[in-house]
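Those protein sequence lines, which keep their order, are chains C and Y. Residues 25 to 328 in our numbering are what the first sequence lists, from first letter to last. Residues 25 to 328 in our numbering are what the second sequence lists, from first letter to last. Beta carbons: idealized from backbone N, C-alpha and C, even for Gly. Quick caveat: nothing in here was measured; it's all calculated off a predicted structure.
2 protein chains.
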Amino acid sequence: MSAMFEKIAVLGLGLIGSSICHGVKAQGLAKVVVGHAKSAETRKVALEIGLVSEVFENPADAVKGADLVILCAPVGACAALAAATGKYLREGAIFTDVGSVKGAIVRDCAPHLPLNVHFIPGHPIAGTEQSGPRSGFAELFHHRWCILTPVAGTDLAAIEKLTKFWEALGSNVDVMTADHHDLVLAITSHLPHLIAYNTVATAADLETVTDSEVIKYSASGFRDFTRIAASDPTMWRDVFLNNKEAVLEMLGRFTEELAVLQRAVRWGDGETLFNLFTRAREVRRGIIAAGQDTAAPNFGRDKS
Amino acid sequence: MSAMFEKIAVLGLGLIGSSICHGVKAQGLAKVVVGHAKSAETRKVALEIGLVSEVFENPADAVKGADLVILCAPVGACAALAAATGKYLREGAIFTDVGSVKGAIVRDCAPHLPLNVHFIPGHPIAGTEQSGPRSGFAELFHHRWCILTPVAGTDLAAIEKLTKFWEALGSNVDVMTADHHDLVLAITSHLPHLIAYNTVATAADLETVTDSEVIKYSASGFRDFTRIAASDPTMWRDVFLNNKEAVLEMLGRFTEELAVLQRAVRWGDGETLFNLFTRAREVRRGIIAAGQDTAAPNFGRDKS
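Structure, rendered in C-alpha cells:
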C-alpha cells in the first residue's frame, strides 16, 4: 500500500502507541513516524527498537508538519497534550486519540484545537494486560473493532481517511456518538475491570485464607480475574475518573443483579441459579461466533 | 509405571472423569478402567472413544471389584451415587471424588459407605469451561493442585496411595480439612464464577446497549468473564447450593470492598483507585511466578 500519510506523530509510546508504530511500519502507512514520550527511558527504548525515526521530549516538536497526530496517553494526560500541541498543528491535519473514554476527551481536548484541524476521537477496542514501549505488536488490532466518535459537522473525507487507516491496521471500524461509546464501554470494559480489581482486592485482604493459597489454587477461576487486574493502574484510574456517570450506572445494575443471586444462594433457589447460568453460556457462544475470542478451552493457554 | 490399581471405576464421564480416564491410560495406572454415566449418549461416546473398557448404566455394576472408585458427578448427585454403590464396594477400596465442595460431600456420602472402605474426599483444582465426555484430556491436571480432605483417623497408607495416584496424573497434592477447603475455594473459585455469571447477566439485561454491541466490543475485558460463565450450569448450581456459608461470607466481603471502590469513583478519589489497582498487579505476578498461569499477553490467545 502506498503511504496514506506524510508524517504520523504518535504521542505516548505505551502498549497502544507502540503497536500503532509497528502496524504502520508493517503496512507502510506513513513516510515518517515520529513520537513523543514523557519518560526518557521510553524515548530511549523507542529509538533502540525502531518504533519511530525521531522521538521528542516536547510534544510540540513531534506534531510539526504531521498530517496525522495520535494521542496514545492515559485519558487524564490528553488535555495537556492537546494544549501543548494545538497551535503547532499543521492545517488540515487529523488529530485523533485512542482513549477508553470519549466524552471527557472531547470536552477536554477540543477547546485547545484550531478549527482548521480535523479532530476525530477514536478508541481501538484492543489491548493486553501489559504496558510500556516493548509490549506493542502489529497484530494487536487484527479482527478487533475501532470506534470513532466524531462530532456532528466533522469533515467526511477526514473520517473516511481515518477509517481506512484503522482498517489498514487490521481493524473493523464503527462510528457512534461519544456518549453512546462511553455507555457501551462502561459495560464491556470498565465494569469488568473494576470488578476484577475488586475481586483481587477481596482475596488479598482475607485473614482466613493465605495469599499463597489464593495463588496456588487460582486455576479454579481467580487467575482469569488477575490478568485483567494487571492492567496499567494509571490508565485505569483515569478511565474511572472520566466515565463516572456511566460506570456508576453499570455498578448500580451489577449490584442489583448480585443481590438477586445472593438471595438465591442464601435460600437454596437452584432454579434461579441454573437458569441464569444457562443464559450466560449463550453470550459466550455469541462472542466466539463473532470471532472475538478463541473457542479453545482455557483460551488455549494449557496446551503444554 | 506398573499399574497402581487393579480396577478403577469412574462414576461420571464429563470433563474431569474423562480427563482422569485419559491420564490413567497414558500413565498405565490401572489394569482395567470401567465407567458409569447416567446418559446413554455419554455411555456410547465413552466406549466409542475408548475412555473405559466397560460402561454401566447402574453404578453398582461399575464399582464391583474396583480398588479405586472416583465420583466425578456434580456435587448434588454424589450422595445418590454413594447410596447406590456403598454395599457393593470391595473391602479395602479407596472411595474418592472430585467435587468442588468438600464439607457437603463428607456429610452426604459418608453415611452410605461401609467402614472397611477408605473414604478420602478430593478435589483437583483444574478444569476448562467445556463439559462432556469428549472434553477431557490427559494433561488437564499437569502442574495443578489436587486437595485431599480425609477425616481424622483415615488410613495413612490409603492417603499415601491416592496422593501418588494424583501425582502420577501430573498434580501436586495438598491435604487440609474439608472446612478450610470450602473457604479457600469460595474465594479462588466460587466467588469468581458467581461474579462472572452476574457480570454477563448484567450486560445481557441492558436496554441502552444491545447484545450485539456487547459481543462486538467484548475484547475490552468482558470476554474473559464469559469464558468462566460458560462452565456447566448444573455443576455450578450444585456448588452454590452446597457451599452456602462460605460463599455468602466472601460475597459480603466483596460487596463491602466494592462499596469503597464505588465511592472512590463517585468522589473522584484517584489515589484510592490507583493504590488498589497497583496492589492487584502484584497478585498477578505471584500467580505467574507460581506457574499457575501463562505470562503471555492475553493468555497467549492472540497469537494470530
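The beta-carbon of residue 316 of chain C is placed less than 8 Å from the nearest beta-carbon of chain Y. Cβ-Cβ separation between residue 158 of chain C and residue 32 of chain C: approximately 20 Å, too far for a contact (criterion under 8 Å).
Remark: C-beta atoms of residue 99 of chain C and residue 262 of chain C approach each other more closely than 8 Å. Taking a C-beta cut-off of 9 Å against chain Y, the contacting residues of the segment 112–141 of chain C are 124, listed in chain order.
Apart from the 5 residues on each side of it in sequence, residue 258 of chain Y sits with its Cβ closer than 6 Å to the Cβ of 98 in its chain, given in chain order. Bounds of the alpha helix (DSSP H) holding residue 100 of chain Y are 99–109. For residue 47 of chain Y, the uninterrupted alpha helix (DSSP H) run begins and ends at 39–51, by DSSP.
For a Cβ distance threshold of 9 Å, nothing in chain C lies close to residue 62 of chain Y: the least Cβ distance comes to about 17 Å. Interface with chain Y (8 Å Cβ-Cβ cutoff): residue 260 of chain C is included. The beta carbon of residue 248 of chain C sits closer than 8 Å to some beta carbon of chain Y. Not a single C-beta of chain C is nearer than 8 Å to the C-beta of residue 193 of chain Y. Excluding the 5 residues flanking it on each side, residue 252 of chain C has same chain C-beta neighbours closer than 6 Å at 217 and 220, in chain order. Think of a sphere of 7 Å around the beta carbon of residue 197 of chain Y: no beta carbon from chain C falls inside it, the nearest being about 12 Å out.
Going by beta carbons, residue 224 of chain C and residue 201 of chain C fall outside the 8 Å limit. For the segment 40–58 of chain C, the set of positions with a beta-carbon nearer than 7 Å to some beta-carbon of chain Y is empty. Residue-level contact check: residue 264 of chain Y touches chain C, since one or more beta carbons of chain C fall below 8 Å from its beta carbon.
DSSP, reduced to helix, strand and coil, places residue 161 of chain Y outside both helices and strands of the structure shown, so it counts as coil. C-alpha of residue 292 of chain Y to C-alpha of residue 133 of chain C: approximately 20 Å in a straight line. The distance from the Cβ of residue 171 of chain Y to that of residue 96 of chain Y is about 16 Å, inconsistent with a contact at the 8 Å cut-off. Between residue 290 of chain Y and residue 254 of chain C, the C-beta gap is not smaller than 8 Å, which leaves the two residues out of contact.
By the rule that beta-carbons nearer than 8 Å mark a contact, residue 153 of chain C touches chain Y. Around the beta carbon of residue 321 of chain C, 16 or more other beta carbons sit within 10 angstroms, so the residue counts as buried. With respect to chain Y, the C-beta atom of residue 233 of chain C has a partner C-beta closer than 8 Å. With respect to the 8 Å criterion, residue 169 of chain C and residue 88 of chain Y are not classified as neighbours on the basis of their beta carbons.
Looking at the backbone, the Cα of residue 174 of chain Y and that of residue 197 of chain C are separated by about 57 Å. Here the C-alpha atom of residue 167 of chain C lies approximately 9 Å from the C-alpha atom of residue 150 of chain C.
Residue environment: residue 237 of chain C is assigned as buried (16 or more neighbouring CB atoms within 10 Å of its CB, all protein chains considered).
Judged by pairs of C-beta atoms under 8 Å, the segment 106–118 of chain Y touches the segment 127–141 of chain Y, as three or more such pairs exist. Here residue 215 of chain C is not near residue 300 of chain C, since their CB atoms are 8 Å or more apart. Collapsing the DSSP output to three states places residue 296 of chain C in a helix.
For residue 268 of chain Y, the enclosing alpha helix (DSSP H) begins and ends at 268–290. For residue 82 of chain C, the secondary structure class from DSSP, reduced to helix, strand or coil, is coil. In the DSSP annotation of this structure, the continuous segment of the beta strand (DSSP E) that includes residue 119 of chain Y starts and ends at 118–121. Residue 106 of chain C counts as buried, since at least 16 other C-beta atoms from the protein chains shown sit within 10 angstroms of its C-beta. Under the three-state reduction of DSSP, residue 62 of chain C is assigned to coil, being neither helix nor strand. At a cut-off of 8 Å between C-beta atoms, residue 168 of chain C counts as an interface residue with respect to chain Y.
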